[in-house]
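Q: In order, the protein sequence lines correspond to chains F and W.
If you read the first sequence in this note's numbering, its first letter stands for residue 1, the second for the next number, and so on.
If you read the second sequence in this note's numbering, its first letter stands for residue 1001, the second for the next number, and so on.
Positions of the beta carbon are idealized from the N, C-alpha and C atoms, including for glycine.
Quick one: structure below, then a few questions.
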Amino acid sequence: MATDAPAAKPPAFEVADAAAVAKARTVLDAHTVETVAWHFHPSTGCPFWLEYAKSLPFDPLTEVKNYDDLKKFPPFEDEWLRGGPVRRWVPKGFADKPAYVFETGGTTGVPKSRVNMRDFRTDYEEFSATLPDEYFPKGANWLMLGPSGPRRLRLSIEHLAQHRGGICFCIDLDPRWVIKLIQKGWMEHLEAYKQHCIDQAITILEAGHEVRCLFTTPKLLEALALALEKKGTTIRQMGITGIFSGGTEFTPQWTRFAVEELLEGVYMTPTYGNTLMGLAASRPVTPADGYTIAYYAPQPRAVIEVVDFDDTNSVVPYGGTGRVKLTTLTQETFVPGFLERDEGERERPYKQYPWDGISGVRPFRALAATTTVGVY
Amino acid sequence: MHLPAWRFGKPYESLERTQLVHFLTGAPVAEVSQVGGAIIGRDLQKSARTARAALLAIDPEEIVERLQTAGNLYAHGTLTVGDSKQSPDDFVKQQSATTGLPESLCRANMQKNLFVLSNMDRMLDALSRGLPPEVLWKGFGTEHRGVVVSYQAQSPVLGLVLPSNSPGVHTLWLPVIALGVGLVMKPGGQEPWTPYRMAAAMVEAGIPAEAIGLYPGPTDVGAAILAGCGRSMIFGSAKTVEQYRGNPAVQVHGPGFSKILLGDDCVDGWERHLDVIVESVAANSGRGCINASAVYASRHTQEIAAALAERLGPIDVKPPEDPDAKLAAFTVPGAAKAIWEQIEAGLKAPGVTHATAAYGPRFVEGERCGWLRPTVVHCASPDPEIAKAEYMFPFVSVVACPQEKMLERIGPTLVATAITVDPAFQSQLIDCTAIDRLNLGPIPTNKLDWLQPHEGNIIDFLYRSRALQVPAASSRPLQVV
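Next comes the structure, spelled out in structure tokens:
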């Protein structure tokens, strides 16, 4: 078992009890065995994993008996996700299902892609259950003030809105162009493009569509708030009651600023996610907890571990800093031990999510210099 | 010690702080609150106009007097800076500790700032060409010639993205308050000291606290300042200069590429001017854009390089508190080494020789920092890349170039000291648009006359001179019907 980091402070949130943690682990172990069985069985697995299994020195069908056994797999290389044929990732068990392909990044070269049948819907339906109805009323309309194009997020937010009985309005936002503007140093164009996005959002908010819920990123949220303030109004006065937001720029200081100065009581919940994992919800963000943003993966469908920078099979102590290691365990996608481009601190299990979490998520220090953080 | 952000008079302690440490020991010196760009965007929307209004509520002459008081407090007083009391000695030690600048140079820069504040009335009179100060307050007025003039403020506040490399640059923004314009500053990451102490001195002297903002933070703070202020001043690299070229709202201060040009009529007496050249290259540890990075002459260049090497080459690293310390450290890990490697590569080009090679290694590696000892190179022509280089330490290329080719080869030059009495060459120098500040005669490039504009007149940057007519009874306009 991991131990506490020496300087760990007493938690300001309700830590999950040992029984709940053990129960969640049992569920994860069983789910792991079931998922591996699906992906490596010749009748249901995808061509990529069935072919890859031939190079493994163990048989996944018989030698993965719990979650820890996934360490037997070499680290997942996200480069495998670049280029085709994309069908090699479609499990035979879903060969007749309509498939989506979602892309990440893609500013230069061939983007990484992930096929989806229903995963994004399942992830966001589960996430929906964590949203308080008081602030995200059932039947309310949504505004997706985030990336458009071949993004999982775009369809996911729309599905979330529909799942909760609402209709989702969207804007045009090409994040690849944003990254290019930053890399070229065209800051005036960047500002103009941001304004173009905000103008689209304000047009929708002012058009009488009774939008109550919003997805956006920290940068766009602050830009929207400032633009509305310039017009003599606020996010709250425009009728927004709940905001679901995401991005590695979600820092405690930014959250405090947003809560104290931009939101006027509008509820905001940060999330951490990507195309591979899905969506990690946060425990409540409170001043007493120093506005700590701690995320918990949607276990058992995905697992986040905070691992030692050198020994990526070992988690760091609670409060310790490590790299994000991601495992995805759905019938559509199997990703064992993918080392993300982010780092953060390991968080104790929370009552509602009785497994490890992560806080202080930021670009991994060894890659930070080459990473361009755009608008989302 | 903690330095909070200062939101137009209201201190703001951020949850995110950077720790500044001593460049030699790593001992903590201060924590600095870090804010994000959105805070500035919001504050500018709410407070920029009130910042200027607070200044305009005070008589302009009174503002100048308060600034003079602020100068004395800054140089001699014990002030509350952040959450601590700070004496001038504390300030010098803190500034030296985080910037790597020797304490003696920190003190010299303090004197420079004091001089500017103490002479604010003369500076304003010179820069405004005798304009009655109330014209800027009211927006228009009658000149001493009886002509109505109008000056329209282009922004209620000036945004400043400040550097860490040389505390001397702060003299550039000191007149802004006296022009009735507020200040929004992003202090340099390693050198928050001057903006914080100056702001504390100004407020203590009666300058309205709501006229000043201090926003330490990452790069998006700079972007927010540039986006939110009608007028901004930014200090940066050649790339930064290029990025904002032609943007009337941004005044960019980048590398100076300042030079000494020896005319054919004076070059044979070059030895008489060695002191001027040495001071131009090495003053303030060669950190400023006004330090000379090249000497151009048509002949004797080998001898000039050798003589400069003899004077500058032996200068060695000394502890920062040593009154004879002349070299600042590069506090960013790896920076000194990287620069030296770049210079070594440049030395390999044809026609380039290293004149200080005989005076020992130039790159000195410390445990947590590095130094570069003064370096003199000789270039047989202006062609090698190193002839156009500028570095943040005493570095100079002595370039052989015929006088008739000089002005087409020197490139952008912030300060040119032209040692010549040849009227024809002087005339060409005066017409040369590559030169900003021109010294006709043996004046060190770093000796600035503050009664003259520097990289453009700050009044022309902050104000637009435009027409404003009033009925004939209240003035004597020249009307053409």
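Can you tell me where the alpha helix (DSSP H) holding A1249/W begins and where it ends?
A: In the second sequence, residue 1249/W corresponds to position 249, counting from 1. No alpha helix (DSSP H) holds A1249/W; DSSP gives it neither H nor E.
Q: Contact defined as beta carbons within less than 8 Å: I believe G1100/W pairs with A1305/W. What is the distance between those atoms, to the nearest angstrom?
A: The residue labelled residue 1100/W in the question sits at position 100 within the second sequence. The residue labelled residue 1305/W in the question sits at position 305 within the second sequence. Incorrect: roughly 27 Å between the Cβ atoms, too far for contact.
Q: Express the C-alpha separation of V1181/W and F1091/W in angstroms, rounding to a whole number.
A: In the second sequence, counting from the first residue as 1, residue 1091/W sits at position 91. In the second sequence, counting from the first residue as 1, residue 1181/W sits at position 181. If I take the Cα positions, the gap works out to 27 Å.
Q: For the beta strand (DSSP E) holding M268/F, just list the boundary residues, first then last.
A: Within the first sequence, residue 268/F is the residue found at index 268, counting from 1. Segment Y267 to N274, the beta strand (DSSP E) holding M268/F.
Q: Am I right that I293/F and T255/F are in contact with their C-beta atoms under 8 Å? What's the rounded C-beta distance?
A: The residue labelled residue 293/F in the question sits at position 293 within the first sequence. The residue labelled residue 255/F in the question sits at position 255 within the first sequence. Contact holds; Cβ gap of about 6 Å.
Q: Which partner residues does R82/F have in the DSSP bridge list?
A: As a working note, residue 82/F is residue 82 in the first sequence. R82/F is bridged to K112/F.
Q: Between which two residues does the alpha helix (DSSP H) containing F40/F stretch?
A: As a first step, residue 40/F must be located in the first sequence, where it is residue number 40. Here the alpha helix (DSSP H) through F40/F covers A18 to F40.
Q: Are the C-beta atoms of M187/F and some chain W residue less than 8 Å apart?
A: In the first sequence, counting from the first residue as 1, residue 187/F sits at position 187. By this cut-off, M187/F is an interface position.
Q: Kindly indicate the opening and closing residues of the alpha helix (DSSP H) around V64/F.
A: As a working mapping, residue 64/F is identified with position 64 in the first sequence. Careful: V64/F lies outside any alpha helix (DSSP H) and carries neither H nor E.
Q: Quick one, which of V110/F, G93/F, R118/F and P85/F has its alpha-carbon nearest A99/F's?
A: The sequence position of residue 99/F within the first sequence is 99, counting from 1. When only C-alpha atoms are compared, the closest one is R118/F.
Q: Going straight from the alpha carbon of P349/F to that of F215/F, what length do you get?
A: For this step, residue 349/F is matched to residue 349 along the first sequence. For this step, residue 215/F is matched to residue 215 along the first sequence. Near 26 Å, if we compare the C-alpha coordinates of F215/F and P349/F.
Q: Verify whether the separation of the beta carbon atoms of M1202/W and I1225/W is less than 8 Å.
A: Here the question's residue 1202/W lines up with position 202 in the second sequence. Here the question's residue 1225/W lines up with position 225 in the second sequence. No.
Q: Output the distance between the C-alpha atoms of P252/F and R1007/W, rounded to the nearest integer angstrom.
A: Here residue 252/F refers to the residue found at position 252 when the first sequence is read from its first residue. Here residue 1007/W refers to the residue found at position 7 when the second sequence is read from its first residue. Going by the C-alpha atoms only, they are around 19 Å apart.
Q: Taking any Cβ of chain W, which residues in the segment 248 to 271 of chain F have a Cβ under 7 Å from it, in chain order?
A: Flagged, chain order: T251, P252, Q253, W254, R256, F257 and E261.
Q: Would you list, in sequence order, the uninterrupted beta strand (DSSP E) runs of no fewer than 3 residues that lie entirely inside the segment 87 to 163 of chain F?
A: Counting whole runs of 3 or more residues, the segment 87 to 163 of chain F contains the beta strand (DSSP E) stretches 100 to 104, 112 to 116 and 141 to 145.
Q: With a threshold of 16 other CB atoms inside 10 Å of the CB of T1025/W, please say whether the residue is buried or exposed.
A: Indexing the second sequence from 1 puts residue 1025/W at position 25. Label assigned to T1025/W: exposed.
Q: Show which residues of chain W have a CB atom less than 8 Å away from the CB atom of Y291/F.
A: Residue mapping note: residue 291/F aligns to position 291 of the first sequence, counting from 1. Simply L1015.
Q: Going by CA-CA distance only, name the one from T44/F, S359/F, Y318/F and T275/F that's closest to T327/F.
A: The sequence position of residue 327/F within the first sequence is 327, counting from 1. Selected option, being the one with the closest Cα: T275/F.
Q: Using a C-beta to C-beta distance shorter than 9 Å, which residues of chain F count as neighbours of A1223/W?
A: Position 223 of the second sequence, counted from the first residue, corresponds to residue 1223/W. Going along chain F in sequence order, the residues near A1223/W (Cβ under 9 Å) are M187, L190 and E191.
Q: Flag L181/F as yes if its beta-carbon sits less than 8 Å from any beta-carbon of chain W, otherwise no.
A: Counting from one through the first sequence, the residue named residue 181/F turns up at place 181. With 8 Å as the cut-off, L181/F does not count as an interface residue toward chain W.
Q: For Y1012/W, write down the residues that DSSP places opposite it in a beta bridge.
A: Sequence index remark: in the second sequence, residue 1012/W carries index 12 (1-based). Looking at the DSSP assignment, Y1012/W forms a beta bridge with A1005/W.
Q: What separation, rounded to the nearest whole angstrom, lies between the Cα atoms of D1125/W and R1464/W?
A: Here the question's residue 1125/W lines up with position 125 in the second sequence. Here the question's residue 1464/W lines up with position 464 in the second sequence. Going from the Cα of D1125/W to the Cα of R1464/W covers about 17 Å.
Q: According to DSSP, is K1337/W helix, strand or coil?
A: Translated into positions along the second sequence, residue 1337/W becomes position 337. In this structure, K1337/W counts as helix in the three-state DSSP scheme.
Q: As a quick exercise: from E264/F, E340/F, F120/F and L81/F, pick the residue whose alpha carbon is nearest that of G109/F.
A: For this step, residue 109/F is matched to residue 109 along the first sequence. When each option's Cα is compared against that of G109/F, the closest is L81/F.
Q: Using CA atoms only, rank isn't needed, just tell me which of A129/F, F364/F, E51/F and W355/F is closest to T321/F.
A: Residue mapping note: residue 321/F aligns to position 321 of the first sequence, counting from 1. Comparing Cα-Cα distances from T321/F to each of A129/F, F364/F, E51/F and W355/F, the minimum goes to F364/F.
Q: Could you confirm whether any beta carbon from chain W is found closer than 8 Å to the beta carbon of E229/F?
A: Working through the first sequence from its first residue, we reach residue 229/F at position 229. True, the Cβ-Cβ gap to chain W drops below 8 Å.
Q: Taking only the alpha-carbon atoms, compute the straight-line gap between G1146/W and M1120/W and give it to the nearest angstrom.
A: Taking the first residue of the second sequence as 1, we reach residue 1146/W at position 146. Taking the first residue of the second sequence as 1, we reach residue 1120/W at position 120. Their backbone Cα atoms lie some 25 Å apart in a straight line.
Q: By Cβ distance, which residues of its chain are closer than 6 Å to T1417/W, with the 5 residues on each side in sequence left out?
A: Stepping through the second sequence from its first residue, residue 1417/W is reached at position 417. I1260, N1439, I1443 and T1445, listed in sequence order.
Q: Compute the Euclidean distance between the alpha carbons of A1387/W and C1289/W, then round it to the nearest angstrom.
A: Position 387 of the second sequence, counted from the first residue, corresponds to residue 1387/W. Position 289 of the second sequence, counted from the first residue, corresponds to residue 1289/W. In a straight line, the C-alpha of A1387/W is about 16 Å away from that of C1289/W.
Q: Can you check whether the CB of G1222/W is closer than 8 Å to the CB of I1419/W?
A: Translated into positions along the second sequence, residue 1419/W becomes position 419. Translated into positions along the second sequence, residue 1222/W becomes position 222. Not closer than 8 Å, so no.
Q: Taking a contact to mean a Cβ-Cβ separation below 8 Å, would you say T1413/W touches A1400/W in this structure?
A: As a first step, residue 1413/W is located in the second sequence; it is residue number 413 there, counting from the start. As a first step, residue 1400/W is located in the second sequence; it is residue number 400 there, counting from the start. No; because the gap between Cβ atoms is not below 8 Å, this pair is not in contact.
Q: Hey, could you find the ends of the beta strand (DSSP E) G1141/W is sitting in?
A: Reading the second sequence from its first residue, position 141 is the one you call residue 1141/W. Residues F1140 to T1142.
Q: What I want to know is whether the C-beta of E125/F ends up closer than 7 Å to one or more non-hydrogen atoms of the ligand SAM.
A: Looking for the ligand SAM in the displayed structure turns up nothing, as the structure carries no ligands at all.
Q: Is it true that the CB of Q299/F sits closer than 8 Å to the CB of P91/F?
A: Mapped onto the first sequence, residue 91/F falls at position 91. Mapped onto the first sequence, residue 299/F falls at position 299. No, these two residues do not count as a Cβ contact at 8 Å.
Q: Just tell me which of L143/F, R154/F and P132/F has its CA closest to the CA of T203/F.
A: The sequence position of residue 203/F within the first sequence is 203, counting from 1. For the residues L143/F, R154/F and P132/F, the minimum Cα distance to T203/F belongs to L143/F.
Q: Run down chain F in chain order and give the residues with a C-beta less than 9 Å from the C-beta of R1042/W.
A: Translated into the one-based positions of the second sequence, residue 1042/W becomes position 42. Residues of chain F passing the Cβ test: E222, A225, L226, E229, F257, E261 and L262.
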